[in-house]
Structures are given as structure tokens and as C-alpha cells.
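Accompanying notes for the structure given below.
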Amino acid sequence: MYSLASDRVSALQISENTPYRHLTTHYEEKYRVGWYFMHAAPRPCFNPELLQDIDQWFTCVRQEQDSEGGRDYRYLVLASDVDGVFNLGGDLNLFRSLIAAGDHDGLLDYAKACINVLYQNIVHLERDLTTISLVQGDALGGGFEAALSSNVLIAERGTRMGLPEILFNLFPGMGAYSLLSRRIGTGRAEQMILSGQLYSAEELYEMGVVDILAEKGEGELAVLEYIKRADRAANGYRAMREVRDICNTLDYRELLAITTVWVEAALRLGKRDLRMMERLVSRQNAK
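Per my numbering, residue 48 is the first one in the sequence shown, and the count goes up by one each step.
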């Protein structure tokens with residue numbers, strides 16, 4: 048049996064050279080795991096550069112999977128390299144400037160970049176992969192949507208997740224309704240979205256949103272423990288992933304239609320809403 052302590056050290060050896068500015072990647076050969084750690088700047092949110100980095104890395108993973116002698120990925124783990132933050136969601140500063148300019152096409156291009164990356168994770172790159180989100184800090188708005196998009200959501204105790212968009216008179220338009228409603232039903236999904244409330248990982252675990260609740264500081268260990276269990280019963284776990292894909296099919300057209308509604312709604316926001324968005328940008332900067 049492998050030592051969990053040595054596994055954790057191995058998993059966090061992320062000094063691998065990458066061409067990405069807002070992403071650090073690492074391949075863990077023992078478990079065939081690709082880790083990718085977000086560290087967007089100047090705010091830990093989904094800016095266009097981070098979205099581009101993730102998209103490029105996904106392309107590299109697919110190419111390696113399909114090439115003879117390439118790395119054999121079986122798991123992809125989305126995590127964060129920012130202390131106390133998984134991801135704070137959409138680039139509100141960009142939203143604010145595009146909305147103020149009435150730039151419909153700019154907003155739609157950004158929204159498409161978000162759902163393109165999200166959808167690739169949902170369908171696990173259309174490869175024999177299991178995607179895992181490891182939440183060790185706040186996951187808000189689009190950050191929560193990203194966490195929900197993986198096959199398995201692991202969160203440490205004490206972390207918070209939620210959808211605050213209603214605070215500036217909008218809704219989370221990049222997958223939240225689709226993903227939450229498939230996990231907990233449409234009624235509870237709408238309640239979460241319209242409340243703007245932040246939930247603890249413990250609450251979300253009880254609701255069935257979080258799959259595995261890890262102790263504080265032991266998220267990486269929880270990932271590796273899950274992978275060991277899955278590897279011991281690989282055929283069964285793979286079959287269950289396929290069943291979930293069948294029963295919870297999410298078509299890209301659904302995401303695109305919803306995010307188009309989001310763009311139209313965003314362009315109807317007033318000055319008061321934009322001022323609230325500006326205050327939230329200040330909070331993102333503080334993080």
C-alpha cells in the first residue's frame with residue numbers, strides 16, 4: 048500500500064515548466080493524474096487569459112492521449128494555487144466595461160469562452176477520463192460553476208461556495224442552473240441561485256452537491272484516496288461514470304441558449320447594478 052504522506056508530497060511537486068501565465072500543471076505518473084492549478088492575476092477569477100490557458104492545456108491533454116507514447120491521463124484535477132480561494136467567478140471588471148459600452152458581441156464572446164471550457168470538462172474531453180474538482184477555498188459564481196462541472200466534487204471543510212450574481216440583479220449564466228438542477232432538482236437549484244447565499248462545504252455535502260467532504264488541509268489526500276478506490280474497481284467506476292453521462296446528459300446547445308439569455312439580461316443592467324458590481328470587483332481585488 049502506498050504511503051499517503053509520500054503521495055501528497057509527490058502530488059504537489061508542481062514545478063513543471065509550462066507555457067501558461069495563469070495556470071500551473073503537473074502530471075502525476077503513478078496515478079496517471081493531470082493536476083491544473085489556477086492562479087489568475089490580478090484577481091483570482093476567470094479572466095480571458097486563464098480561460099485560454101485552460102483551453103490550451105485541454106488541447107495538449109487530448110493530443111497526448113491520442114498519440115502513441117504520450118502521457119496516459121486517467122484523471123484531471125482542477126484546483127487552485129491561491130490561498131483561501133478556488134475561484135471568485137467571472138471577470139466582473141470586464142463585465143462592467145462591456146456592459147457600460149453596450150458591447151453585445153464582446154459579452155457573448157466572453158460567455159462562449161467560459162462555456163467552451165466548462166463543457167469540455169463536463170464531457171471529460173470526450174476521452175476515457177474522470178474529472179475532479181478540488182475546492183480548498185472560496186468558489187463563487189463561475190468558480191462554483193467550474194467546480195460543479197467535474198465528475199467528482201471534493202471540498203475541504205470550512206470552504207464556501209455560492210452564486211452571488213443576484214446581488215447585482217443578474218444570474219449565473221455559464222452552467223449553474225443546468226448543473227445544479229441535475230444534482231438537486233430544479234426547485235432547489237432556483238432557490239440557491241435567487242438567494243445569493245453562500246453555503247459551507249458541509250451544507251453542500253448534506254444537500255448532495257459536494258461528493259466528498261475532506262478535512263481541512265487534506266484535500267489532496269482525499270483526491271488520492273478517491274483515485275485509489277476508483278482504480279481498485281476501475282470497471283465499475285467507469286461504468287457508473289458512463290451511466291451518469293447518459294442520465295444527466297447536458298447538450299452544449301443548452302449552455303449556449305442559457306448564456307445568450309445571460310448576455311441579454313446583462314445588457315439591461317442599470318447604473319445601480321453596475322455600482323454593486325464595482326464594489327464586488329473591489330472585494331475580488333482584496334482577495
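Glycine included, C-beta positions come from ideal geometry on N, C-alpha and C.
Judged by DSSP in its simplified three-state form, Tyr284 adopts helix.
Take Leu125, set aside five residues on each side of it, and the residues of its chain with a beta-carbon closer than 8 angstroms to its own are Tyr83, Met85, Asn168, Thr178, Ile179, Ser180, Leu181, Ala193, Ala194, Ser197, in chain order. Taking a contact as a CB-CB distance under 8 angstroms, the pair Gly137 and Phe93 counts as one, their CB atoms being some 6 angstroms apart. Contact annotation: the stretch 292 to 308 does not touch the stretch 110 to 129, with fewer than three C-beta pairs closer than 8 angstroms. Cβ-Cβ separation between Leu176 and Arg118: approximately 12 angstroms, too far for a contact (criterion under 8 angstroms). Here the C-alpha atom of Lys77 lies approximately 11 angstroms from the C-alpha atom of Lys275. Here DSSP, grouped into helix, strand and coil, assigns Asp102 to helix. About 4 angstroms separates the Cβ atoms of Ala202 and Ala248, confirming a contact at the 8 angstroms cut-off. Residue ranges of uninterrupted alpha helix (DSSP H) with 4 or more members, entirely inside the stretch 165 to 224 and ordered along the chain, are 189 to 195.
Per DSSP, the beta bridge partners of Ile259 are Ile201.
Fewer than three pairs of CB atoms, one per stretch, sit closer than 8 angstroms, so the stretch 150 to 166 makes no contact with the stretch 251 to 270.
In the structure shown, Glu75 adopts extended strand secondary structure according to DSSP, grouped into three states.
Arg79 and Ala286 have their C-alpha atoms spaced approximately 19 angstroms apart. Judged by DSSP secondary structure, Ala147 falls within the alpha helix (DSSP H) whose first and last residues are 139 to 147. Between Cys107 and Arg319, the alpha-carbon positions lie close to 43 angstroms from each other.
Here the alpha carbons of Arg68 and Pro95 stand approximately 12 angstroms from one another.
Taken through DSSP and simplified to helix, strand or coil, Tyr273 comes out as helix. Beyond the five residues adjoining it in sequence on each side, Trp104 comes within less than 7 angstroms, by CB distance, of Tyr67, Leu70, Thr72, Tyr83 in the same chain, given in chain order. Residue environment for Cys161: buried (at least 16 other C-beta atoms within 10 angstroms of its C-beta).
With fewer than 16 other Cβ atoms inside 10 Å of its own Cβ, Asn282 counts as exposed. Assigned with DSSP and collapsed to three states, Leu125 falls in strand. By the criterion of a C-beta distance shorter than 6 angstroms, Leu145 is surrounded in its chain by Gly153, Leu154, once the five residues flanking it on both sides are discounted. Ser114 sits in coil when the DSSP states are folded into three classes, being neither helix nor strand.
The three-state secondary structure of Asn163, taken from DSSP, is helix. Looking at the DSSP output, Trp82 shares a beta bridge with His73, Val124.
A residue is called buried when at least 16 other Cβ atoms come within 10 angstroms of its Cβ; Arg279 does not meet this threshold and is exposed. Here the alpha carbons of Gly222 and Ile305 stand approximately 8 angstroms from one another. With respect to the C-alpha of Glu289, the residue from Ala87, Arg174, Ile101 having the closest C-alpha is Arg174.
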